[in-house]
Amino acid sequence: MPERIQVIENILNANDRIALENRQILDHAGVFSLNFMASPGAGKTSLIEQTVKRLRNTLRIAVIDGDIATSLDADRAANAGAVAVQINTGGECHLDAVMLHEALPSLDLKNLDLLIVENVGNLVCPANFSLGTHKSILIASIPEGDDKPHKYPGMYRGVDALVINKVDLLPYIPFKMDFFKQGVEILNPNLVTFPLSCQTGEGLQPWFDWLTEQVKAH
Amino acid sequence: MHELAVTESILEIALRHAKSAEARQVTALYLVIGDLASIIDDSVQFYWDIIAKDTIAEGAHLNFRRIPIQMQCLSCQVQFFPTDNDFTCPDCASSRVKILSGEEFFLEAIDIQSP
Numbered sequence: 025m026p027e028r029i030q031v032i033e034n035i036l037n038a039n040d041r042i043a044l045e046n047r048q049i050l051d052h053a054g055v056f057s058l059n060f061m062a063s064p065g066a067g068k069t070s071l072i073e074q075t076v077k078r079l080r081n082t083l084r085i086a087v088i089d090g091d092i093a094t095s096l097d098a099d100r101a102a103n104a105g106a107v108a109v110q111i112n113t114g115g116e117c118h119l120d121a122v123m124l125h126e127a128l129p130s131l132d133l134k135n136l137d138l139l140i141v142e143n144v145g146n147l148v149c150p151a152n153f154s155l156g157t158h159k160s161i162l163i164a165s166i167p168e169g170d171d172k173p174h175k176y177p178g179m180y181r182g183v184d185a186l187v188i189n190k191v192d193l194l195p196y197i198p199f200k201m202d203f204f205k206q207g208v209e210i211l212n213p214n215l216v217t218f219p220l221s222c223q224t225g226e227g228l229q230p231w232f233d234w235l236t237e238q239v240k241a242h
Numbered sequence: 002m003h004e005l006a007v008t009e010s011i012l013e014i015a016l017r018h019a020k021s022a023e024a025r026q027v028t029a030l031y032l033v034i035g036d037l038a039s040i041i042d043d044s045v046q047f048y049w050d051i052i053a054k055d056t057i058a059e060g061a062h063l064n065f066r067r068i069p070i071q072m073q074c075l076s077c078q079v080q081f082f083p084t085d086n087d088f089t090c091p092d093c094a095s096s097r098v099k100i101l102s103g104e105e106f107f108l109e110a111i112d113i114q115s116p
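Order-wise, the sequence lines are chains A and B. Under my numbering, think of the first position of the first sequence as 25, with each following residue one higher. Under my numbering, think of the first position of the second sequence as 2, with each following residue one higher.
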């Protein structure tokens, strides 16, 4: 006769345990860290470039780039002036805590203030795998359309700040900001939001100010 | 989405518990999955058949218990089951809501055969 054993174990428990270790390593070194998540093409790397260029004289910044293949993004972050490490996931659709755990030793954490982890471009999976970073940032963009919070609730629910990139394209694209923001409000009330354009530079200053404030407060 | 990684994690948990119970065979798993967890049963089953092969959990039956999304309106307190991903309150149309259930994602129990 089969016997039933109670288990009650969270399936992503292993990931969450490693995420906690990552957080402890970062805290111990005094590094403030961000997890950048977005669809492919929303502008994660562009925002990293702008952020590094602007803040590299006041903060010591490193970038860990997650991609299925190539080191194109890490190269862009390095060219902007950050210490950059590439993780190639080899097909996985998201970074997980173990991948970050393995990448951390390649950085001189004691000499860093800010670590930006750029997740794989994907609006579904990264939300389910915590990395242990301090804040999660979602980068939305105007060309993706105003229905994304409604269609990808998991991603919008779990983040600490929202960047809306490519606002310079608003005159050319039928994007109803009210509809977009209503979707966000339901999932994540009072979410701090930064409408900006990495292309024209408009709206970047409040993002820089907020980020600097976050690093100082850490 | 990432059902392979998830299925590997399910196998690891099941085998660990089976081992500590000194099981000879795992015959069934009972998974609880909320509708917000974005996990597809068929896809888990597909990977399971491949990765459980040659383990004591080979051929184990996967049982899925789905938990519907339930919400509560923070304005009028009514509890409701949203439809079509519309998370606004059906009574007062408020968008201030909280999730009561639907995010579950755990292995509840396993059936084992002992020697």
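For glycine and all other residues, C-beta sits at the position ideal for the given N, C-alpha and C. Being a predicted model, the structure only gives us computed values, none of them experimental.
### Task
Mind checking which residues open and close the alpha helix (DSSP H) that includes residue 180 of chain A?
Residue mapping note: residue 180 of chain A aligns to position 156 of the first sequence, counting from 1. Secondary structure note for residue 180 of chain A: its alpha helix (DSSP H) is the uninterrupted segment 177-181.
### Query
Given that residue 11 of chain B touches chain A, what residues does it touch there, using C-beta distances under 8 Å?
As a first step, residue 11 of chain B must be located in the second sequence, where it is residue number 10. Neighbours of residue 11 of chain B on chain A, chain order: 35.
### Task
Taking all protein chains shown into account, decide if residue 115 of chain A is buried (16 or more other Cβ within 10 angstroms of its Cβ) or exposed.
What you label residue 115 of chain A is simply residue 91 of the first sequence in a count that begins at 1. Exposed is the call here.
### Query
If you draw a straight line from the alpha carbon of residue 97 of chain A to that of residue 214 of chain A, how long is it in whole angstroms?
Within the first sequence, residue 97 of chain A is the residue found at index 73, counting from 1. Within the first sequence, residue 214 of chain A is the residue found at index 190, counting from 1. Within the model, the alpha-carbon separation for residue 97 of chain A versus residue 214 of chain A is close to 31 Å.
#### Entry: Simplified DSSP assignment, three categories, for residue 217 of chain A
In the first sequence, residue 217 of chain A corresponds to position 193, counting from 1. If DSSP states are grouped into helix, strand and coil, residue 217 of chain A belongs with the strands.
### Task
Kindly indicate the opening and closing residues of the alpha helix (DSSP H) around residue 84 of chain A.
In the first sequence, counting from the first residue as 1, residue 84 of chain A sits at position 60. Per DSSP, residue 84 of chain A belongs to no alpha helix (DSSP H) and is neither H nor E.
### Task
Could you list the residues in the segment 86-112 of chain B with a C-beta less than 7 Å from some C-beta on chain A, going in chain order?
The segment 86-112 of chain B vs chain A, Cβ under 7 Å: 86, 88, 89, 96, 97, 98, 106, 107, 108, 109, 110, 111, 112.
### Query
Under the DSSP definition of a beta bridge, which residues are partnered with residue 64 of chain B?
By one-based count along the second sequence, residue 64 of chain B stands at place 63. Paired residue(s): B:31.
#### Entry: Environment of residue 158 of chain A [buried if 16+ CB atoms lie within 10 Å]
Here residue 158 of chain A corresponds to residue number 134 of the first sequence, with the count starting at 1. The residue in question, residue 158 of chain A, is buried, as its Cβ has 16 or more Cβ neighbours within 10 Å.
### Query
Can you name, in chain order, every residue of its own chain whose Cβ lies under 7 Å from the Cβ of residue 24 of chain B, other than the five neighbours on each side?
The residue labelled residue 24 of chain B in the question sits at position 23 within the second sequence. In its chain, beyond the 5 residues on either side, 57, 113, 114, 115 have a beta carbon closer than 7 Å to the beta carbon of residue 24 of chain B.
#### Entry: Sequence-distant residues of its chain with Cβ nearer than 6 Å to residue 134 of chain A (five each side left out)
If you number the first sequence from 1, residue 134 of chain A lands on position 110. Closer than 6 Å at Cβ, skipping near neighbours: 53.
### Message
When you compare the CB of residue 127 of chain A with every CB in chain B, is at least one pair closer than 8 Å?
### Response
If you number the first sequence from 1, residue 127 of chain A lands on position 103. Look at residue 127 of chain A: its C-beta is not under 8 Å from any C-beta on chain B.
### Message
Quick check on residue 64 of chain A - is its C-beta less than 8 Å from some C-beta in chain B?
### Response
As a first step, residue 64 of chain A must be located in the first sequence, where it is residue number 40. The C-beta of residue 64 of chain A comes no closer than 8 Å to any C-beta of chain B.
### Message
Which residues in chain B have a C-beta closer than 8 Å to the C-beta of residue 211 of chain A? List them in chain order.
### Response
Numbered from its first residue, the first sequence carries residue 211 of chain A at position 187. Per Cβ cutoff of 8 Å: 88.
### Query
So which residues of chain B does residue 116 of chain A contact, with C-beta pairs closer than 9 Å?
For the purposes of this step, residue 116 of chain A is identified with residue 92 of the first sequence, where counting begins at 1. Simply 3, 5, 6.
### Task
Would you check if the distance between the CB atom of residue 141 of chain A and the CB atom of residue 59 of chain A is smaller than 8 Å?
Sequence index remark: in the first sequence, residue 141 of chain A carries index 117 (1-based). Sequence index remark: in the first sequence, residue 59 of chain A carries index 35 (1-based). Contact: yes.
### Query
For residue 149 of chain A and chain B, any beta-carbon pair shorter than 8 Å?
Taking the first residue of the first sequence as 1, we reach residue 149 of chain A at position 125. Residue 149 of chain A counts as touching chain B.
### Task
Pull up the DSSP beta-bridge partners for residue 107 of chain B, would you.
Within the second sequence, numbered from 1, the residue matching residue 107 of chain B stands at position 106. Answer is A:34, B:33.
### Query
So, does the CB of residue 44 of chain B fall closer than 8 Å to a CB anywhere in chain A?
Numbered from 1 along the second sequence, position 43 holds the residue referred to as residue 44 of chain B. Not an interface residue.
### Task
Report the option in A:149, A:188, A:84 whose CA atom is closest to the CA atom of residue 164 of chain A.
Within the first sequence, numbered from 1, the residue matching residue 164 of chain A stands at position 140. Residue 164 of chain A has its Cα closest to that of A:188, out of A:149, A:188, A:84.
### Message
Can you tell me whether residue 76 of chain B is helix, strand or coil according to DSSP?
### Response
Looking up residue 76 of chain B in the second sequence gives position 75. Residue 76 of chain B falls in the coil class under three-state DSSP.
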